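Residue numbers (UniProt numbering): 1 to 879.
All residues carry an ideal CB built from backbone N, CA and C; glycine is no exception.
Quantities reported herein were computed from a predicted structural model and do not represent experimental measurements.
Remarks on the structure that follows.
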Amino acid sequence: MRNPPPQGIRLADYRPPDFLIDSVDLDISLHRSKTRVVSRLAIRRNPKGRPGAELTLDGDGLVLRRLLLDGASVAAEATPDALTLHATPDAPFVLEIETEVDPAANTQLSGLYRSGSAYCTQCEAEGFRRITYFLDRPDVLSVFTTRIEADVAEAPVLLGNGNRIDAGALEGGRHFALWRDPFPKPSYLFALVGGDLSHISERFATRSGRMVDLAIYVEHGKEKYASYAMDSLIRSMRWDEEVFGREYDLDVFNIVAVSDFNMGAMENKGLNIFNDKYVLASPETATDGDYAGVESVIAHEYFHNWTGNRITCRDWFQLCLKEGLTVFRDQEFSADQRSRAVKRISDVRGLRLQQFPEDAGPLAHSVRPNIYHEINNFYTATVYEKGAEIIRMLKTLIGADDFAKGMTLYFDRFDGTAATIEDFLSCFAEASGRDLSQFSLWYEQAGTPLVTVESDYDAAAKRLTLSFEQSTPATPGQSEKKPFVIPLALGLIGENGDEIPLVSREAGAQECERGLIELTTQKRVVAFENVGSHPVVSLLRGFSAPVRLAPPQAAEDLQRLLAHDSDPFNRWQAAQSLALRSIFARIEAARGGPAAEADGPFFDALGRLVEAPERDPSLVAQALSLPSDIDIAREIGRDVDPDVIFSARSGLRRDLGRRLSAALADARARLVPAEGFSPDAGSAGRRALRNAALDLIAAGDPGQGGALAERQFGEATNMTDRLAALSTLSLLPGEAREAAFEAFYARYAGDHLVLDKWFALQSTIPEAETTKRVAQLMEHKDFSLANPNRVRAVVGAFANGNPTRFHALDGSGYDLLASVVLELDPKNPQLAARLLSALRSWRSLEERRRKLAEATLRRVLAAPALSADVSDIATRALG
Ligand code: 0A1
Ligand code: ZN
Numbered sequence: 001m002r003n004p005p006p007q008g009i010r011l012a013d014y015r016p017p018d019f020l021i022d023s024v025d026l027d028i029s030l031h032r033s034k035t036r037v038v039s040r041l042a043i044r045r046n047p048k049g050r051p052g053a054e055l056t057l058d059g060d061g062l063v064l065r066r067l068l069l070d071g072a073s074v075a076a077e078a079t080p081d082a083l084t085l086h087a088t089p090d091a092p093f094v095l096e097i098e099t100e101v102d103p104a105a106n107t108q109l110s111g112l113y114r115s116g117s118a119y120c121t122q123c124e125a126e127g128f129r130r131i132t133y134f135l136d137r138p139d140v141l142s143v144f145t146t147r148i149e150a151d152v153a154e155a156p157v158l159l160g161n162g163n164r165i166d167a168g169a170l171e172g173g174r175h176f177a178l179w180r181d182p183f184p185k186p187s188y189l190f191a192l193v194g195g196d197l198s199h200i201s202e203r204f205a206t207r208s209g210r211m212v213d214l215a216i217y218v219e220h221g222k223e224k225y226a227s228y229a230m231d232s233l234i235r236s237m238r239w240d241e242e243v244f245g246r247e248y249d250l251d252v253f254n255i256v257a258v259s260d261f262n263m264g265a266m267e268n269k270g271l272n273i274f275n276d277k278y279v280l281a282s283p284e285t286a287t288d289g290d291y292a293g294v295e296s297v298i299a300h301e302y303f304h305n306w307t308g309n310r311i312t313c314r315d316w317f318q319l320c321l322k323e324g325l326t327v328f329r330d331q332e333f334s335a336d337q338r339s340r341a342v343k344r345i346s347d348v349r350g351l352r353l354q355q356f357p358e359d360a361g362p363l364a365h366s367v368r369p370n371i372y373h374e375i376n377n378f379y380t381a382t383v384y385e386k387g388a389e390i391i392r393m394l395k396t397l398i399g400a401d402d403f404a405k406g407m408t409l410y411f412d413r414f415d416g417t418a419a420t421i422e423d424f425l426s427c428f429a430e431a432s433g434r435d436l437s438q439f440s441l442w443y444e445q446a447g448t449p450l451v452t453v454e455s456d457y458d459a460a461a462k463r464l465t466l467s468f469e470q471s472t473p474a475t476p477g478q479s480e481k482k483p484f485v486i487p488l489a490l491g492l493i494g495e496n497g498d499e500i501p502l503v504s505r506e507a508g509a510q511e512c513e514r515g516l517i518e519l520t521t522q523k524r525v526v527a528f529e530n531v532g533s534h535p536v537v538s539l540l541r542g543f544s545a546p547v548r549l550a551p552p553q554a555a556e557d558l559q560r561l562l563a564h565d566s567d568p569f570n571r572w573q574a575a576q577s578l579a580l581r582s583i584f585a586r587i588e589a590a591r592g593g594p595a596a597e598a599d600g601p602f603f604d605a606l607g608r609l610v611e612a613p614e615r616d617p618s619l620v621a622q623a624l625s626l627p628s629d630i631d632i633a634r635e636i637g638r639d640v641d642p643d644v645i646f647s648a649r650s651g652l653r654r655d656l657g658r659r660l661s662a663a664l665a666d667a668r669a670r671l672v673p674a675e676g677f678s679p680d681a682g683s684a685g686r687r688a689l690r691n692a693a694l695d696l697i698a699a700g701d702p703g704q705g706g707a708l709a710e711r712q713f714g715e716a717t718n719m720t721d722r723l724a725a726l727s728t729l730s731l732l733p734g735e736a737r738e739a740a741f742e743a744f745y746a747r748y749a750g751d752h753l754v755l756d757k758w759f760a761l762q763s764t765i766p767e768a769e770t771t772k773r774v775a776q777l778m779e780h781k782d783f784s785l786a787n788p789n790r791v792r793a794v795v796g797a798f799a800n801g802n803p804t805r806f807h808a809l810d811g812s813g814y815d816l817l818a819s820v821v822l823e824l825d826p827k828n829p830q831l832a833a834r835l836l837s838a839l840r841s842w843r844s845l846e847e848r849r850r851k852l853a854e855a856t857l858r859r860v861l862a863a864p865a866l867s868a869d870v871s872d873i874a875t876r877a878l879g
């Protein structure tokens, strides 16, 4: 295995490559354990490189079989990790390299490997060097031609990047296909697939009339599960034309679903390879959440064709250039396809759940990091989701028109190149005439800013004065922070619930009067005039910046926002904030503090939402879904005791369920599903509210809720309702629950994606016996460490979704994680490292758990022959 330099790789050390590779001709002869790879590289010196430099190509675990320079043998130094030509010619030359690789033995799922009976590849970030020696860096762009050869019986389907230009039969039961991708690309976008697969197909006419053959390849028998993915693909293609003016550029677009995949999916040019979880969906097997996931990942990978492929990254430090931007694009797509408000709420929930803790702990890094040891560990919520928030803020700050102009400029100017964040921002600076140098700090500085707001209302003068202050906590390697540009969208709600017009005499009043305050200094005071009634400030509307707000607003103010705010995001936020207030009060009371304040008014407000038939059910469901244990832990921030959080939250759920039981039952009756299943947002929203109601009814009255859940479990006609019922039952110990789990297993035993749900749900049961149950699940005949989805379903769900058991005081949860990480590490270090990052917030735990967690990290770090991936996470987590 490869070892990165101990001092790490630094952005400041970036140098252009000394050589360029204009074209790559690959000849790959597939064989389970002995795949022969012949690569012909047309190499020349880069005018921007160092004159006289010798050529060193990257490798990872390779064995060189043959090497020719312009057809003649040549002396070179070959190790598994590198191939160096000591006497490198000055004139352009062709290097022919033969290597042999063993796909069947590739358990890392990087490079060429086997998933089921198919051959497939994963080359981002540095997998291509596991296939052949190459300049495996994103700023070396080459035209790839790939000849793939295989046994017809084993792999009747042979797919590559670009367009297929030839195919034919060969002797000995073999055949070949020749693929050519005319668009120069970096090696991380290379892909091939060979296997016995079925497909569904469609034709798509681009707006300029190019006909594109679309196909989705799946295992035999799974064709009928791919239609929603195809529908999502077609909608994505049309949307990118309409909203970003981007058209598809090849004659074919192929998607292949595989069951063994480390991540969600991969945007290889013209040949996207997917974790099948994001392709396969049917009413009987996929939840509404799964449908939304398919739609957004299909869109994400498709959108990469322009943001990532046509314009790629100069180096891996610029990863957010393609990822943050593409996440922003897929979020906007889903918002347009579904409810914008619900999409925003769920994206912010995700950001707070994943990215905020990352940014507040030892693994914090800037959206564009400046050093890494193992790039695979930087496919993070910070790079992806915070990266998308930066794009969103940019659009908010410069306005939709200039944002669109900037995007067009970016596409025009950088098409066919490997670009940087500076290149990207320069287009928006030019389009808007704004200086974006301070804005670029969002890429440089890690940590979640805290914005404090003091408000002072002078009734006599009818003036509201708001005093803002920003601060950003220190993060690893960054103790001092400069002020960010923070767009704060806001409105004022009067006593009668109406929006108060914004009138200001401030500098920058125009923005303020449009409801956008730009906080660019550490402190800023803004006064609003003609404020006739005591206002409540609705701040950070639509979550206009990835920041935290303080101090908490008063309960009465939150009530007003919940009832009247015109911004749906902030109505939801008000419900979350009220729930948090209640939970904090319960925690204080349990510690012997003053009795918790009465929740009656909060419950009644939620009750009114549930009873109002005109309300969007999906938004009501979001309002009912309380902050998770992990949200609460993050808000507490230090000395976290997961048991205390769990009991306070359970108490709130129980009381809310009791208080609203009649309204919840009525809502369920009102929302009886229509005949037939439709995955559309409206139908999904009704299911969401019905199931949120079920969950709360059971929290208030386990007997009644359990009976309802049992019935729904038996009668459900779709996976959303069946799994929701099982999830409600999973919290009610007893025979009914175990019987339901058994019935579920029996019904879906042949469907690995559904079984993942079965495993994950059991792993998250918040009961003492669960750790033992998880250990047993790992002995189950359907468990395998070789399948990343299964490992995530059992161990990932336990470590990230079962805080009371994972953080158990006897250390059993941490022991379980450590033993899986160490067993997995030699097989799949990327996955092992991701699992270990479940411990990233260990410093915020109370002392006993903190010590146990630290000892666990130290134990992992001390293990022999640790991968670079795991040792990087353990080292930084402890650092
Ligand atoms: N670029 C893909 C994600 C991806 C990243 C790394 C991988 O292997 C280490 C695989 C996929 C995306 O953003 O969808
Ligand atoms: Zn991506």
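Between residue i and residue j, how many whole angstroms is the CB-CB distance? I'm expecting something under 8 Å.
{"i": "Phe798", "j": "Ser763", "result": "4 Å"}
{"i": "Phe128", "j": "Phe190", "result": "6 Å"}
{"i": "Trp179", "j": "Arg164", "result": "5 Å"}
{"i": "Ala265", "j": "Asn254", "result": "Ala265 to Asn254, Cβ: 13 Å. No contact."}
{"i": "Arg858", "j": "Phe543", "result": "Not really, about 38 Å apart at Cβ, beyond 8 Å."}
{"i": "Ala446", "j": "His365", "result": "5 Å"}
{"i": "Leu656", "j": "Leu696", "result": "6 Å"}
I need the DSSP call for residue i, collapsed to helix, strand or coil.
{"i": "Asp213", "result": "strand"}
{"i": "Pro357", "result": "helix"}
{"i": "Val531", "result": "coil"}
{"i": "Ile765", "result": "coil"}
{"i": "Asp290", "result": "helix"}
{"i": "Gln478", "result": "strand"}
{"i": "Lys185", "result": "strand"}
{"i": "Arg10", "result": "strand"}
{"i": "Asp22", "result": "strand"}
{"i": "Ala42", "result": "strand"}
{"i": "Val327", "result": "helix"}
{"i": "Met263", "result": "coil"}
{"i": "Phe584", "result": "helix"}
{"i": "Thr875", "result": "helix"}
Using beta-carbon positions only, say whether residue i and residue j come within less than 9 Å of one another.
{"i": "Gly61", "j": "Pro80", "result": "yes"}
{"i": "Asp18", "j": "Leu55", "result": "yes"}
{"i": "Gly59", "j": "Arg147", "result": "no"}
{"i": "Gly416", "j": "Ile311", "result": "yes"}
{"i": "Ala698", "j": "Leu708", "result": "yes"}
{"i": "Tyr372", "j": "Gly700", "result": "no"}
{"i": "Asp136", "j": "Gly160", "result": "no"}
{"i": "Phe411", "j": "Gly308", "result": "no"}
{"i": "Arg413", "j": "Asp423", "result": "yes"}
{"i": "Arg174", "j": "Ala150", "result": "yes"}
{"i": "Ser201", "j": "Leu192", "result": "no"}
{"i": "Ala104", "j": "Ser187", "result": "no"}
So does residue i have its beta carbon nearer than 8 Å to some heavy atom of ligand 1?
{"i": "Val297", "result": "yes"}
{"i": "Gly127", "result": "yes"}
{"i": "Asn787", "result": "no"}
{"i": "Gly264", "result": "yes"}
For a test of your reading of the model: does the CB of residue i fall under 8 Å from any non-hydrogen atom of ligand 2? Yes or no.
{"i": "Lys322", "result": "yes"}
{"i": "Thr380", "result": "no"}
{"i": "Glu385", "result": "no"}
Taking only beta-carbon positions, decide if residue i is within less than 9 Å of chain C.
{"i": "Arg571", "result": "Of the chains in the structure shown, none is chain C; there is only one protein chain."}
Taking the runs of the alpha helix (DSSP H) that are 4 residues or longer, which of them lie wholly in the stretch 617–662?
-> 617–624, 629–636 and 642–659
Inside the stretch 355–435 only - alpha helix (DSSP H) runs reaching at least 4 residues = 356–360, 387–398, 400–414 and 421–432
Can you list, in chain order, the stretches of the beta strand (DSSP E) that have 3 or more residues and sit fully within the stretch 501–527?
-> 516–519
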